[in-house]
Amino acid sequence: MTDEEIYRKHADDLVRFATGLVGPFDARDVVADACLAAFHSRTWSTVTNHRAYLYRSVVNHARSHHRSTLRRRVRELRALTPEVQAPTEVDVDVLAAVDRLSVQQRAAVVLTYWEDLSPAEVAVRLGISEGTVKQHLARARARLRELLDD
13 MTDEEIYRKH ADDLVRFATG LVGPFDARDV VADACLAAFH SRTWSTVTNH RAYLYRSVVN
73 HARSHHRSTL RRRVRELRAL TPEVQAPTEV DVDVLAAVDR LSVQQRAAVV LTYWEDLSPA
133 EVAVRLGISE GTVKQHLARA RARLRELLDD
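No gaps in the numbering here: position 49 of the sequence shown is 61 in the numbering used here, and each next residue is one more.
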């Protein structure tokens, strides 16, 4: 199967997934960047599960997108108000722990804490009920406590 065929097969699902992570305006760009990076990686030719590899690439590019968006917002705030301090960097251990959450939990956490959306807004974005979002968040916080207390 060619890279183009693999992309066409998974693109719609990847865009839906990325929409939950970065929002509808940036999802297609994140997916395109993630797929290009995957297709050009040294290990792509040895990958047996292309779908899983592409999902992981989307998560990594979504994380990068959030970091660059945060840096841009800080620069913009500094231009308006020079006394604004940059937020503290996200701890690498926290990012690693978030990566170990289920896809649903990770999406709820990213949209809630990185995008600063309410559970109701996350529910609309992911197409699930607000109760389900709260359940994902509760389970994610419990799991993160386990992972980060070690």
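Glycine included, C-beta positions come from ideal geometry on N, C-alpha and C.
Just checking my contact of residue i with residue j at CB under 8 Å: how many whole Å lie between their CB atoms?
| i | j | result |
| --- | --- | --- |
| Leu-113 | Arg-157 | Contact doesn't hold; Cβ gap of about 12 Å is too wide. |
| Ala-152 | Leu-33 | Rounded, the Cβ-Cβ distance is 14 Å, inconsistent with contact. |
Cutting at 6 Å between CB atoms, please list the residues of its own chain near residue i, excluding the five before and the five after it.
| i | result |
| --- | --- |
| Glu-133 | none |
| Ala-145 | Before going further, note that residue 145 is Val rather than Ala in the sequence given. Excluding positions up to five away in sequence, the list reads Ala-120, Pro-131, Val-134 and Ala-135. |
| Gly-143 | none |
Alpha carbon to alpha carbon, how far is residue j from residue i? Give it in angstroms, no decimals.
| i | j | result |
| --- | --- | --- |
| Ser-141 | Val-71 | 23 Å |
| Asp-41 | Arg-79 | 15 Å |
| Arg-20 | Ser-57 | 18 Å |
| Pro-131 | Val-121 | 10 Å |
| Ala-135 | Ile-18 | 30 Å |
| Arg-87 | Leu-48 | 28 Å |
| Leu-129 | Arg-85 | 16 Å |
| Leu-160 | Arg-54 | 32 Å |
| Ala-44 | Val-110 | 23 Å |
| Val-115 | Arg-83 | 25 Å |
| Tyr-148 | Thr-81 | The question names Tyr, yet the displayed sequence has His at residue 148. Rounded to the nearest angstrom, the two C-alpha atoms are 25 Å apart. |
For residue i, I'd like the list of residues in its chain whose CB is within less than 8 Å of its CB, leaving aside the five on either flank, ordered along the chain.
| i | result |
| --- | --- |
| Arg-75 | Leu-107 |
| Gln-117 | His-148, Leu-149, Arg-151, Ala-152 and Arg-155 |
Whose C-beta lies closer than 7 Å to the C-beta of residue i among residues of the same chain, with five residues either side of it excluded?
| i | result |
| --- | --- |
| Ala-50 | Trp-56, Tyr-65, Leu-66 and Ser-69 |
| Asp-38 | His-77 |
| Val-59 | Tyr-65 |
| Asp-105 | Leu-160 |
| Arg-28 | none |
Closest by CA to residue i, which one among the options?
| i | options | result |
| --- | --- | --- |
| Ala-164 | Ala-23, Arg-137 and Arg-151 | Only positions 13 to 162 of the chain appear in this structure, which leaves residue 164 out of reach. |
| Asn-61 | Met-13, Leu-129, Gln-147 and Leu-160 | Met-13 |
| His-73 | Asp-105, Val-59, Thr-31 and Arg-87 | Thr-31 |
| Gly-35 | Trp-126, Ala-150 and Arg-151 | Trp-126 |
| Asp-15 | Thr-144, Arg-63 and Val-115 | Arg-63 |
| Ala-150 | Gly-139, Phe-29, Val-27 and Thr-124 | Thr-124 |
| Asp-25 | Gln-117, Gly-143 and Leu-138 | Leu-138 |
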